[in-house]
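Residue numbers (the working numbering): 1 to 590. No residue lacks a Cβ here, since even glycine has one placed at the ideal position from N, Cα and C. All values reported here derive from a predicted model rather than from experimental measurement. Have a look at the structure below, then the notes.
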DNA sequence: CTAGGGTTAG
């Protein structure tokens, strides 16, 4: 059919031709707008009842296959509501359309339940697969698990699409053990998507070695990775700060001719930034043919993380010139760049820009602002800026002697988040700083009473493409004897340099001598010692820590860099520290 | 009509 049908013609045509016209018309549509236009045209044709129902379900399916936006979801719902007796196909399409990230109420899951309650039509493997995707998108683990058991009861579990849906649900919910058990059960059905999903799951939770092992297994199984797989692999390297691995994986991508698309480029930018090669990150960014908000944000956040505020802000203004709309993450980069460099006025200007652009501030954005103000001594302004961000206030009060704010903020904080271990550690540190050991003891008791456990500090270093992890006083490493020899030598050199161990960094109320021993075995120090043991200058010792740098280990690292003539780069939870010749790139301001 | 990916303060 090559022309637009007009109402008088429509009435005279046989049904199969009308249906062909409907299918043709809907297939032309490339956007939601076009779909609405086609819808209006079909209405004017006054189609017979059955053809009209077909038209609606075709429109609905097309809507479901379009970009998953809130607008598409609400249009899909209105289409669905006009269909008198929705088939399973219609339910499937609507469930698919409702699976948007902006749908926190898990509407898709509610619709699935409604379908079950109604008794007919009964769900099929498509229904479950789409509903699982909805749960994975939110993500909603509880609802997903219910789907799992219902799928099992209805015999839909064996479908490969349901299997991958389950695997992906668990992987996205960071339930790697569950994901792995689904993956293991798939055996013959393991395809590219299943492998990628499982690797993504490991990468998401920071199980880097597992992700890379699986990546190797995948190739051994004869499945060729594509750009989606590589995003997860690169992102695992980024998380670990594993530069050599990251570089190797990048070379692999080039060697295999895998397309470096928007997402993969963004992952590469993030990887090089987080592994300390900000120039390489910049090269990847400059080579991109298409850049979206996330790509710009990754570059800006990366530059900010390296203390390169000027570059970060220059990139940001180029982004605005090109009319790319920033989001709250972009502003985290912009504001933290300002905070790290004492640019209070700029920071406040960017804050207003953010409001003017109608971007809703996240908790993190408020945090950046409070940080910015506090670093410039504007404590009272910060206090009135957001009375609800008690923890930030507490962080900022550390060096202020404002016991009134500390008391109030900690009281509020423990009311609001009695289970967050960071709050306890934070306050304990404050008390320890002032040698208020009875209060430190009280915090420990309070933690125990409330069943709160701290996150263990963990540092890692990559040697010969293997990631070695250390926790405090960790005796589990196979080369621990040799490491301890290095540690003793470090302690000797530190002593001779005149450094006094900053024992307040040890939270236990133990004797001074024991504190010194505990300090010497902090995870970051074990990792650095291992780096000294396994590599020779000018090789750079690169360590990644999951928490913030211990202040004493920071001093000691400066001494090591001078005394051993080694360059040491440590990424802590917040930023990079680069030690050369006895000083650190953070200039002791962190 | 089915499934997998990137940026997040201190």
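Suppose contacts are defined by Cβ-Cβ distances below 7 angstroms. Is residue i in contact with residue j by that definition?
{"i": "residue 470", "j": "residue 526", "result": "yes"}
{"i": "residue 229", "j": "residue 194", "result": "no"}
{"i": "residue 476", "j": "residue 559", "result": "no"}
{"i": "residue 147", "j": "residue 132", "result": "yes"}
{"i": "residue 22", "j": "residue 55", "result": "yes"}
{"i": "residue 336", "j": "residue 298", "result": "no"}
{"i": "residue 238", "j": "residue 207", "result": "no"}
{"i": "residue 426", "j": "residue 443", "result": "no"}
{"i": "residue 156", "j": "residue 138", "result": "no"}
{"i": "residue 166", "j": "residue 176", "result": "no"}
{"i": "residue 241", "j": "residue 575", "result": "no"}
{"i": "residue 541", "j": "residue 566", "result": "yes"}
{"i": "residue 523", "j": "residue 455", "result": "no"}
{"i": "residue 38", "j": "residue 18", "result": "no"}
{"i": "residue 40", "j": "residue 83", "result": "no"}
{"i": "residue 50", "j": "residue 10", "result": "no"}
{"i": "residue 467", "j": "residue 224", "result": "no"}
{"i": "residue 493", "j": "residue 563", "result": "yes"}
{"i": "residue 465", "j": "residue 213", "result": "no"}
{"i": "residue 184", "j": "residue 160", "result": "no"}
{"i": "residue 171", "j": "residue 179", "result": "yes"}
{"i": "residue 499", "j": "residue 415", "result": "no"}
{"i": "residue 441", "j": "residue 431", "result": "no"}
Let me check understanding here. Comparing Cα to Cα, which of the options lies closest to residue i?
{"i": "residue 57", "options": "301, 307, 42", "result": "42"}
{"i": "residue 530", "options": "268, 32, 478", "result": "478"}
{"i": "residue 235", "options": "156, 246, 428", "result": "246"}
{"i": "residue 463", "options": "450, 82, 539", "result": "539"}
{"i": "residue 331", "options": "347, 112, 343", "result": "347"}
{"i": "residue 553", "options": "178, 562, 344, 519", "result": "519"}
{"i": "residue 135", "options": "125, 112, 118", "result": "112"}
{"i": "residue 144", "options": "120, 82, 174", "result": "174"}
{"i": "residue 254", "options": "239, 409, 272, 226", "result": "226"}
{"i": "residue 419", "options": "52, 448, 404, 437", "result": "448"}
{"i": "residue 36", "options": "50, 16, 78", "result": "78"}
{"i": "residue 452", "options": "424, 586, 490, 17", "result": "424"}
{"i": "residue 60", "options": "51, 50, 318, 73", "result": "73"}
{"i": "residue 551", "options": "563, 119, 501", "result": "501"}
{"i": "residue 403", "options": "436, 415, 376, 15", "result": "436"}
{"i": "residue 349", "options": "115, 543, 317", "result": "317"}
{"i": "residue 261", "options": "488, 203, 295, 482", "result": "295"}
{"i": "residue 380", "options": "361, 406, 359", "result": "406"}
{"i": "residue 354", "options": "446, 325, 480, 315", "result": "325"}
In the DSSP output, what is residue i paired with across the bridge?
{"i": "residue 467", "result": "462"}
{"i": "residue 541", "result": "568"}
{"i": "residue 577", "result": "570"}
{"i": "residue 476", "result": "The partner list for residue 476 (beta bridge, DSSP) is empty, contrary to what the question assumes."}
{"i": "residue 520", "result": "Answer by DSSP bridge pairing: none, since residue 520 is not bridged."}
{"i": "residue 583", "result": "580"}
Which whole-angstrom value describes the C-beta separation of residue i and residue j, a residue pair presumed to lie in contact below a C-beta threshold of 8 angstroms?
{"i": "residue 99", "j": "residue 63", "result": "Contact doesn't hold; Cβ gap of about 12 angstroms is too wide."}
{"i": "residue 197", "j": "residue 168", "result": "5 angstroms"}
{"i": "residue 328", "j": "residue 307", "result": "At roughly 22 angstroms, the Cβ-Cβ gap does not stay under 8 angstroms, so residue 328 and residue 307 are not in contact."}
{"i": "residue 191", "j": "residue 130", "result": "Contact flag wrong, Cβ pair sits at about 19 angstroms."}
{"i": "residue 333", "j": "residue 301", "result": "4 angstroms"}
{"i": "residue 232", "j": "residue 258", "result": "Between residue 258 and residue 232 the Cβ distance is about 13 angstroms, and since that is not below 8 angstroms, they are no contact."}
{"i": "residue 373", "j": "residue 385", "result": "6 angstroms"}
{"i": "residue 76", "j": "residue 94", "result": "5 angstroms"}
{"i": "residue 568", "j": "residue 517", "result": "Going by Cβ atoms, the distance from residue 568 to residue 517 rounds to 22 angstroms, so no, they are not a contact pair."}
{"i": "residue 151", "j": "residue 124", "result": "No, residue 151 and residue 124 are not in contact; Cβ-Cβ is about 11 angstroms, not under 8 angstroms."}
{"i": "residue 285", "j": "residue 269", "result": "5 angstroms"}
{"i": "residue 282", "j": "residue 339", "result": "That belief does not hold up - the Cβ atoms of residue 282 and residue 339 are roughly 22 angstroms apart, past 8 angstroms."}
Would you check whether the ligand ZN has a heavy atom nearer than 6 angstroms to the C-beta of residue i?
{"i": "residue 487", "result": "The ligand ZN is absent from the structure shown, which contains no ligand whatsoever."}
Open item on the list: Across the stretch 290 to 307 and the stretch 259 to 276, are there enough close Cβ pairs to call them in contact, namely three or more that are closer than 8 angstroms?
Closed with: yes
- [ ] Check whether the stretch 452 to 460 touches the stretch 542 to 550, taking contact to mean three or more Cβ pairs, one atom from each stretch, closer than 8 angstroms.
- [x] yes
TODO: Specify whether the stretch 580 to 587 and the stretch 268 to 282 touch according to this definition: at least 3 beta carbon pairs, one from each stretch, less than 8 angstroms apart.
DONE: no
Open item on the list: Check whether the stretch 25 to 37 and the stretch 65 to 81 are in contact - that is, three or more C-beta pairs closer than 8 angstroms.
Closed with: yes
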